[in-house]
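Comments concern the structure below.
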Amino acid sequence: MRYDVVVIGSGFGGSVAALRLAEKGYSVAVLEAGRRFADDEFPQTSWRSRRFLWAPKLGCFGIQRITLLRSARGQQGAGVLVLSGAGVGGGSLVYANTLYEPLPHYYADPQWRHITDWRAELAPHYDQAKRMLGVTTYPKQTAADRAMLAVAERMGVGHTFHATPVGVHIGRPGETVPDPYFGGVGPDRTGCLHCGSCMTGCRHGAKNTLVKNYLWLAERLGVDVHPLTTAVAVRPSGSGYEIDTVRTGAWLRKRPQVFEADQVIFAAGALGTQRLLHAMKESGTLPGLSDRVGALTRTNSEAILGAATLRPDARRRGLDFTEGVAITSSFHPDEHTHIEPVRYGHGSNVMGLLQSALVDGGPRRPLRWLRTLAGRPLTYLRLLSVRSWSERTVIALVMQSLDNSLTTRYRRGKLRTTQGHGAPSPTWIPAGNEAVRLLADEIGGIPGGAVTEAFNVPLTAHILGGAAIGATPAEGVVDPYHRVFGHPGLHVVDGAAVAANLGVNPSLTITAQAERAMSFWPNRGEPDPRPALGSAYERVAPVAPATPAVPAGAPAELRL
1 MRYDVVVIGS GFGGSVAALR LAEKGYSVAV LEAGRRFADD EFPQTSWRSR RFLWAPKLGC
61 FGIQRITLLR SARGQQGAGV LVLSGAGVGG GSLVYANTLY EPLPHYYADP QWRHITDWRA
121 ELAPHYDQAK RMLGVTTYPK QTAADRAMLA VAERMGVGHT FHATPVGVHI GRPGETVPDP
181 YFGGVGPDRT GCLHCGSCMT GCRHGAKNTL VKNYLWLAER LGVDVHPLTT AVAVRPSGSG
241 YEIDTVRTGA WLRKRPQVFE ADQVIFAAGA LGTQRLLHAM KESGTLPGLS DRVGALTRTN
301 SEAILGAATL RPDARRRGLD FTEGVAITSS FHPDEHTHIE PVRYGHGSNV MGLLQSALVD
361 GGPRRPLRWL RTLAGRPLTY LRLLSVRSWS ERTVIALVMQ SLDNSLTTRY RRGKLRTTQG
421 HGAPSPTWIP AGNEAVRLLA DEIGGIPGGA VTEAFNVPLT AHILGGAAIG ATPAEGVVDP
481 YHRVFGHPGL HVVDGAAVAA NLGVNPSLTI TAQAERAMSF WPNRGEPDPR PALGSAYERV
541 APVAPATPAV PAGAPAELRL
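In this text, residue positions in the sequence shown follow the UniProt record's numbering: the first is 1, and each later residue adds one.
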């Protein structure tokens, strides 16, 4: 099959690319490794492993990927456990609907600050992304919020506490209304039930996933979405590129298929895009790729901690922390650090299996972890039971905008990591540990961290970078227009292109950067306003699409 453009991945970058290029007259295909879900096909709880977890070789085609990146050569502190999304709609199916602009340090990162005024360039695209994703401030304060506010006040930063901007149709609980965003061309929407089940897939039609905005509109402009289709190679052909694919998860009948395109957009998420680029570089299929592939892989300088009460105590006190959307508030203990309370819905307790005792970083950490467990054996034995875990636990997501990174290497088809540019990627965050101990005190619980952290392997839900924007091939993998150095017609438009740690949830930034990149493409058949690949950066005017999908006057109308 031949298209003008093939997009590999259907997450925040790929969905934006599909819609905006269809509006400009291009024929577009989207290749997605995951399956397509209707709202009522999402798992009722995270225990429905075939619909929640991603392990396609085992028949699990769910929305939650869990990937362990091992450190190369056993390097201390270079491994990381990564949570990411799968399915048509990418990370939007499993993410926490939290849509912040980044902390100021992001725009000033040395990787890209010399190229342009990024804050000014991205401002209109953040606005567009917010309106497309239906961002609103969460209107309720929950029990978890009250506990987190108390923590912020005890840390002397209560003034930084605020409700989150979320991509959810709040409305009246359970009430279905006509499209409120796209002037009548979008789907009907149902008001949020505040059930906390956002990260197992919203079964009620309230979450503003990409299948209800960008992808919905793109498909109505003729974009073809191919689910359960895994891209395994991209190579130049006489008239563009060929993309080799197989059926996802197949053991024997892999149904190989070749797509042809003039241009290819890598949007498979930071890990998926990196794997493809590394593989093509190693095989020589795409000669001349920058040696910076894999460099500046970011964890968002993140830790995922939590505080849990014991089940008898929680039942006696009537505790239930599941009320709300996934994330409802946050605060800043310092200028670089951002902490949010996170929740799952009733019965979604699988992720509690990753919880263990909280231990600070430093020498002999595994031994100190064992001593902590031995010091309160009955307490930690009880915590092994994850029954009612979501109701009695407040997760604490800690993010930072500090300049630290990993570098991924590719060997025998697998990614490995080493410490990269900047400070070492953190294996613990002192402000986060302090906050979660105070949180445990507030709710009468036990502070905890991911079990991998005891072995200096942090947990992140936001892996970024590895194909970062740079001014030259010596500095980055893609130019400031997201074009791959050395290969006209190839582009990276997803989290892999993010240049620095954000200190906030990255989905809005990935969307805004994709909006900006697509705004420079010409309409099909028209001259390209961008300078030639490899030229110095020039700020160019955005190009209005020939056939905008959203009518003028609608809240999400395209404004250039």
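Glycine residues also receive a C-beta, built at the ideal position from the N, C-alpha and C atoms.
Could you check whether the region 215 to 226 touches the region 107 to 115, counting it as contact only if at least three pairs of C-beta atoms, one from each stretch, sit closer than 8 Å?
Under the 8 Å Cβ criterion, the region 215 to 226 does not count as touching the region 107 to 115, having fewer than three qualifying pairs.
Excluding five sequence neighbours on each side, which residues of the same chain lie with their C-beta closer than 6 Å to the C-beta of Arg235?
By 1-based counting over the sequence shown, the position of residue 235 is 235. Beyond the five residues adjoining it in sequence on each side, Arg235 comes within less than 6 Å, by CB distance, of Glu242 and Thr285 in the same chain, given in chain order.
For Cys198 and Val325, the rounded distance between their alpha carbons
Residue 325 sits at position 325 when you count from the first residue of the sequence shown. Residue 198 sits at position 198 when you count from the first residue of the sequence shown. Val325 and Cys198 have their C-alpha atoms spaced approximately 6 Å apart.
Nearest residue (CA-CA) to Thr322, options Phe331, Ala308, His332 and Asp334
Taking the sequence shown and counting its residues from 1, one reaches residue 322 at position 322. Measuring from the Cα of Thr322, the nearest candidate turns out to be Ala308.
Taking 8 Å as the threshold, find out whether the region 162 to 180 comes into contact with the region 55 to 62 through three or more Cβ pairs.
The region 162 to 180, when compared against the region 55 to 62, does not touch it at the 8 Å Cβ threshold.
Could you give the first and the last residue of the continuous beta strand (DSSP E) run that contains Lys414?
For this step, residue 414 is matched to residue 414 along the sequence shown. Bounds of the beta strand (DSSP E) holding Lys414 are Lys414 to Pro424.
Taking all protein chains shown into account, do 16 or more other C-beta atoms lie within 10 angstroms of the C-beta of Phe182, making it buried, or fewer, making it exposed?
Along the sequence shown, read from residue 1 onward, the residue named residue 182 stands at position 182. Phe182 is buried by the Cβ-count criterion.
Within 10 Å of its beta-carbon, does Thr209 have 16 or more other beta-carbons around it, so buried, or fewer, so exposed?
The count along the sequence shown starts at 1 and reaches residue 209 at position 209. So Thr209 counts as buried.
What three-state label does DSSP hand Arg154 in the structure shown?
Taking the sequence shown and counting its residues from 1, one reaches residue 154 at position 154. Residue state, collapsed to three classes: helix.
Taking His278 as part of the alpha helix (DSSP H), name the residues at either end of that continuous run.
On the sequence shown, residue 278 is found 278 positions in, with the first residue counted as 1. Where His278 is concerned, the enclosing alpha helix (DSSP H) starts and stops at Gly269 to Ser283.
Do you know offhand how far Asp334's Cα is from Glu434's?
In the sequence shown, counting from the first residue as 1, residue 334 sits at position 334. In the sequence shown, counting from the first residue as 1, residue 434 sits at position 434. Straight-line Cα distance between these residues: approximately 12 Å.
Compute the Euclidean distance between the alpha carbons of Asn404 and Glu302, then round it to the nearest angstrom.
Here the question's residue 404 lines up with position 404 in the sequence shown. Here the question's residue 302 lines up with position 302 in the sequence shown. One C-alpha to the other measures close to 11 Å.
Enumerated in chain order, which unbroken segments of the beta strand (DSSP E) with a length of 3 residues or greater are wholly contained in the region 206 to 278?
The qualifying runs are 224 to 226, 229 to 237, 240 to 247 and 257 to 266.
Once DSSP output is grouped into helix, strand and coil, what is the label at Thr200?
Along the sequence shown, read from residue 1 onward, the residue named residue 200 stands at position 200. Helix at Thr200.
For Ser239, count neighbouring C-beta atoms within 10 Å of its own C-beta (all shown protein chains included) and say buried if the count is 16 or more, exposed if not.
By 1-based counting over the sequence shown, the position of residue 239 is 239. Result: exposed.
Top-ranked residue by Cα proximity to Ala163, from Ser283, Gly466, Thr299 and Ile327
As a first step, residue 163 must be located in the sequence shown, where it is residue number 163. The shortest C-alpha separation from Ala163 is found at Ile327.
In this structure, does DSSP put Asn433 in helix, strand or coil?
For the purposes of this step, residue 433 is taken as the residue at position 433 of the sequence shown. In the structure shown, the three-state DSSP call for Asn433 is helix.
Distance between Gly503 and Asn300 (C-alpha atoms, nearest Å)
Counting from one through the sequence shown, the residue named residue 300 turns up at place 300. Counting from one through the sequence shown, the residue named residue 503 turns up at place 503. Linking Asn300 to Gly503 through their CA atoms gives a straight-line distance of about 6 Å.
If you run the structure through DSSP and keep just helix, strand and coil, what is His105?
Taking the sequence shown and counting its residues from 1, one reaches residue 105 at position 105. It is helical.
Please determine, among His332, Leu276 and Gly13, the residue with the shortest C-alpha to C-alpha distance to Val151.
Translated into positions along the sequence shown, residue 151 becomes position 151. Measuring from the Cα of Val151, the nearest candidate turns out to be His332.
Contacting residues, own chain, Cβ-Cβ under 6 Å from residue 588 (five flanking each side not counted):
Not covered by the structure: residue 588. The range shown for the chain is 1 to 560.
Cβ neighbour criterion (16 or more within 10 Å) applied to Lys414:
Looking up residue 414 in the sequence shown gives position 414. That one is exposed.
How about Tyr367 and Ala450: do their beta carbons lie closer than 8 Å?
As a working mapping, residue 367 is identified with position 367 in the sequence shown. As a working mapping, residue 450 is identified with position 450 in the sequence shown. Per the sequence shown, residue 367 should be read as Leu rather than Tyr. The beta carbons of Leu367 and Ala450 sit no closer together than 8 Å.
Can you give me the Cβ contacts of His346 inside the same chain, cut-off strictly under 6 Å, excluding the 5 residues immediately before and after it?
Sequence index remark: in the sequence shown, residue 346 carries index 346 (1-based). Closer than 6 Å at Cβ, skipping near neighbours: Thr322.
Check whether the Cβ atoms of Val88 and Ser27 sit closer than 8 Å, and answer yes or no.
Numbered from its first residue, the sequence shown carries residue 88 at position 88. Numbered from its first residue, the sequence shown carries residue 27 at position 27. Not closer than 8 Å, so no.
Let's test the definition: count the other Cβ atoms within 10 Å of the Cβ of Pro531 and tell me whether it reaches 16, buried, or not, exposed.
On the sequence shown, residue 531 is found 531 positions in, with the first residue counted as 1. Burial state of Pro531 is exposed, judged by a 10 Å Cβ sphere holding fewer than 16 other Cβ atoms.
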